[in-house]
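Under the numbering used here, think of the first position of the sequence shown as 308, with each following residue one higher. Just so you know, even glycine gets a beta-carbon here, dropped at the ideal spot from N, CA and C. None of these values were measured; they are calculated from a predicted model.
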Amino acid sequence: MQVRSQNKTVGFVPTMGALHEGHLSLLERSQEKCDISIVSIFVNPTQFNDPNDFLKYPKLLEQDIELLENKKCDVLFCPSVEEMYPNGLEERLNFPLGLLEEVLEGEKRKGHYQGVVTILDALFKAIQPDFVFMGQKDFQQVLVVKTFSKELFPNIQIISCPTERDSDGLAKSSRNLRLSAEARQTALRLSQALFYIKNKFDQQNPSKIIEEAKKMFLEHPNVQLEYLEMRDSNTLEALSYETWPKNNAVLLIAAFVDSIRLIDVLLLFEELD
Ligand code: AMP
């Protein structure tokens with residue numbers, strides 16, 4: 308590859324398309340740091356535990372291409388399923404992820420993270436990036452990818468980037484496109500719950516504030532809370548409130564709004580890298 312012989316650094320932003328400002332902020336970070344920036348768009352079938360979610364995932368390639376052209380992205384990589392899975396969809400990595408695969412997203416979306424590492428393994432081999440830019444919104448995914456790449460791609464640095472939000476606080480997400488205007492209002496409860504906890508945080512009695520925030524999800528027919536938890540931001544271990552480390556706490560939430568699954572995350576004290 309010519310770029311390699313010229314000693315240029317390559318930044319990579321893997322996405323599933325239906326691009327929004329969250330994705331574009333990752334591209335901007337890559338452009339600031341690297342000589343060449345590559346974005347991939349691939350709706351990866353093996354990371355969907357719900358076939359309906361896969362079928363309904365928004366696909367907007369023409370619009371995505373225009374956004375990337377406007378942002379002067381150097382390369383767009385849009386592989387086919389056959390290219391990424393030459394031996395069929397059944398052939399997946401089985402990478403040990405420990406607790407990361409057992410809690411929160413790992414518990415609720417069985418097999419999801421093995422699908423994620425399987426596609427990233429193929430993408431990293433194809434692209435050979437120096438830096439990979441990923442969103443903190445998918446907090447557990449960043450920890451998974453850091454764990455996996457430390458072992459299999461030690462020369463690649465994973466950079467986690469802050470969450471882009473709409474002005475009312477809703478975390479930007481491709482799945483937001485599927486929300487009706489009313490459902491979008493309901494979806495605001497996710498970020499509101501996180502900011503409520505962060506703002507009212509009581510060192511002495513954190514579980515009380517979390518329980519209060521959970522009440523926002525009661526008695527509303529179109530929203531079902533899956534989890535709202537505070538965990539150690541390095542390991543996702545449950546925090547023991549007696550000894551919990553003050554700087555390593557993250558709030559994580561997942562809920563269905565009109566059957567569309569949304570997640571959000573907020574670091575309690577300070578931003579990570
Ligand atoms: P996706 O297309 O949903 O697979 O996301 C591709 C990348 O964009 C992942 O690293 C996500 O964490 C990141 N991303 C998604 N939403 C946001 C957001 N609101 N702000 C920043 N990054 C995001």
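| Check | Outcome |
| --- | --- |
| Excluding the 5 residues flanking ASP509 on each side, which residues of the same chain have their C-beta closer than 8 Å to its C-beta? | LYS515, ILE516 |
| Could you tell me which residues DSSP puts in a beta bridge with ILE372? | Paired residues: none, contrary to the question. |
| Which first and last residues belong to the beta strand (DSSP E) in which MET441 is found? | 438 to 442 |
| Between the beta-carbon of GLY318 and the beta-carbon of PRO461, is there less than 8 Å? | no |
| LEU450 and LEU501 - do their beta-carbons sit closer together than 8 Å? | no |
| When you compare the CB of VAL564 with every CB in chain B, is at least one pair closer than 8 Å? | Among the chains in the structure shown there is no chain B, since it carries only a single protein chain. |
| Where does LEU325 sit, in a helix, a strand or coil, going by DSSP? | Residue 325 is actually Ala in this sequence, not Leu. It is coil, neither helix nor strand. |
| For LEU326, I'd like the list of residues in its chain whose CB is within less than 6 Å of its CB, leaving aside the five on either flank, ordered along the chain. | ASP371, LEU374 |
| According to DSSP, what are the bridge partners of ALA556? | ASP539 |
| Terminal residues of the continuous alpha helix (DSSP H) containing PHE446? | 446 to 459 |
| Do VAL557 and PHE438 have their C-beta atoms closer together than 8 Å? | no |
| Kindly indicate the opening and closing residues of the beta strand (DSSP E) around GLN499. | It is not in any beta strand (DSSP E) - GLN499 instead sits in the alpha helix (DSSP H) that spans 488 to 507. |
| With H, G and I counted as helix, E and B as strand and the rest as coil, what does DSSP make of LYS364? | As written in the sequence, residue 364 is Tyr, which differs from the Lys given in the question. Correct three-state label for TYR364: coil. |
| Tell me whether GLU526 sits in a helix, a strand or coil according to DSSP, three-state version. | coil |
| Mind checking PHE431: buried by the 16 CB within 10 Å criterion, or exposed? | buried |
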